[in-house]
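Down below is the structure, laid out as structure tokens.
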Amino acid sequence: MDIALDAARQAARSGEVPVGAVVVREGAVIATAHNRTYELGDPTAHAEMLVLRAAAARLGKARLTGCDLYVTLEPCTMCAGAISHARIRRLYFGADDPKGGAVENGVRFFSAPTCHHAPEVYSGLAEQDCSELLKRFFEERR
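Numbering (numbering that gives the first Met the number 0), first residue to last: 0 to 141.
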């Protein structure tokens with residue numbers, strides 16, 4: 000999660016919402032990413048989407064079986080769908096997102112009967128650090 004937090008800090012320095020993500024397989028980092036929606040002018044350029052694309056490219060396959068995803072904020076519905084389709088083994092996230100999250104909040108995507116694949120989910124990892132980073136970012140913009 001430290002690597003994901005570093006990526007989130009990089010996003011904040013770039014003026015992006017500070018969310019970072021890392022894909023790990025067998026203890027090795029496969030890919031890292033942070034939010035780049037403003038930089039790329041792409042509403043789908045969430046950290047999770049970018050890191051899944053990078054990991055798939057690096058491994059040369061669309062299914063990331065055996066891979067774990069670490070992300071600093073609870074994924075939204077779009078990202079939860081991508082995580083499911085990528086067949087991520089375990090999802091670890093830091094801060095919960097009562098407004099936009101879709102794992103333990105909102106639609107609870109992985110609990111839906113139409114969900115193709117649900118990873119093991121572990122929430123609250125480095126929660127305080129992840130939450131504080133987001134709170135500081137938005138306080139500075141108000």
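For each residue, glycine too, the CB sits at the ideal point set by N, CA and C.
Query raised in the report: Thinking C-beta only, is Val120 closer than 8 Å to Thr76?
Result: Cβ distance not < 8 Å, so Thr76 and Val120 don't count as in contact.
_Three-way DSSP call (helix, strand, coil) for Asp95 in this model_ = Note: Asp95 maps to coil in three-state DSSP.
- Task: Could you tell me if Ala32 is buried or exposed, where buried requires 16 or more neighbouring beta carbons within 10 angstroms of its beta carbon?
- Result: Ala32 is buried by the Cβ-count criterion.
For this session: Name the two residues that bound the continuous beta strand (DSSP E) containing Val120.
Result: From DSSP, the beta strand (DSSP E) with Val120 extends over 119-122.
Checklist entry - If you count every other CB in all the chains shown that lies within 10 Å of the CB of Leu39, and 16 or more means buried, which is it? => result With fewer than 16 other CB atoms across the displayed protein chains lying within 10 angstroms of its CB, Leu39 is exposed.
Give the DSSP-derived three-state secondary structure of Ala56 in the structure shown. In this structure, Ala56 counts as helix in the three-state DSSP scheme.
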